[in-house]
Amino acid sequence: YMISQGTGGGFGDPLDRKPEDVIRDLDEDLISHDVAWRIYRVVYDRDTLHVDTEATEEAREAMRRERIAKSKPFDAFCEGWVKDKPSGKVPYYGSWDDRSMVHAGSPDALHPAGQVNPPVIMPHPLQVKIDRLEAELAAARKKA
Numbered sequence: 100y101m102i103s104q105g106t107g108g109g110f111g112d113p114l115d116r117k118p119e120d121v122i123r124d125l126d127e128d129l130i131s132h133d134v135a136w137r138i139y140r141v142v143y144d145r146d147t148l149h150v151d152t153e154a155t156e157e158a159r160e161a162m163r164r165e166r167i168a169k170s171k172p173f174d175a176f177c178e179g180w181v182k183d184k185p186s187g188k189v190p191y192y193g194s195w196d197d198r199s200m201v202h203a204g205s206p207d208a209l210h211p212a213g214q215v216n217p218p219v220i221m222p223h224p225l226q227v228k229i230d231r232l233e234a235e236l237a238a239a240r241k242k243a
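For the sequence shown, the residue numbers in this note's numbering are 100 to 243.
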């Protein structure tokens with residue numbers, strides 16, 4: 100039996116996080132230099148971890164402007180994003196356009212909400228990789 104749980108998505112805009120909190124996470128090896136820049140836009144000396152407050156604010160404002168430039172009205176977003184039915188790339192979709200029905204198992208497998216039967220079992224990604232590697236090994240042994 101395996102169970103996997105990722106981390107939460109956090110709360111709020113990463114650009115609003117205090118730079119000293121980001122540096123503490125960096126100092127404790129909870130995040131990388133790449134994350135400190137790419138996600139939080141904190142500018143600092145990599146050797147001393149001293150924050151350049153002015154450069155950090157400038158970098159964060161530039162990121163906010165980039166976000167605005169890439170944004171689009173909600174209706175335009177929905178036009179390119181919302182689909183009539185699930186794509187078929189994941190085994191469990193939940194409700195789509197009708198909350199009384201649940202797509203589970205395949206895009207066309209519909210079940211009344213609360214009555215998904217049989218349960219959808221999703222394998223752990225590591226187990227999928229192990230199974231694939233074991234199959235490759237078995238195939239190689241047959242050739243040998």
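The beta-carbon is built from N, C-alpha and C at its ideal position, and this holds for glycine as well. As the structure is a prediction and not an experimental result, all values here were calculated from the model.
9 Å Cβ cutoff met for residue i and residue j
i, j, result
"residue 155", "residue 166", "no"
"residue 212", "residue 200", "yes"
"residue 248", "residue 143", "Residue 248 lies beyond the residue range present for the chain, which begins at 100 and ends at 243; the question has no answer from this structure."
"residue 128", "residue 148", "no"
Straight-line Cα distance separating residue j from residue i
i, j, result
"residue 178", "residue 184", "14 Å"
"residue 173", "residue 197", "21 Å"
"residue 131", "residue 123", "11 Å"
"residue 101", "residue 234", "Unreliable positioning characterises residue 101 in this predicted model, as indicated by a pLDDT of 47, which lies under 50. The coordinate reading is nonetheless provided below. Their backbone Cα atoms lie some 20 Å apart in a straight line."
"residue 158", "residue 186", "37 Å"
"residue 135", "residue 120", "10 Å"
"residue 224", "residue 202", "21 Å"
"residue 192", "residue 209", "10 Å"
"residue 160", "residue 153", "11 Å"
"residue 151", "residue 145", "11 Å"
Simplified DSSP assignment, three categories, for residue i
i, result
"residue 132", "helix"
"residue 234", "helix"
"residue 117", "coil"
"residue 243", "coil"
"residue 224", "helix"
"residue 112", "coil"
"residue 229", "helix"
"residue 122", "helix"
Minimum length 4: unbroken alpha helix (DSSP H) runs contained in the region 141-219 = Within the region 141-219, the complete alpha helix (DSSP H) runs of at least 4 residues fall at 152-169 and 173-180.
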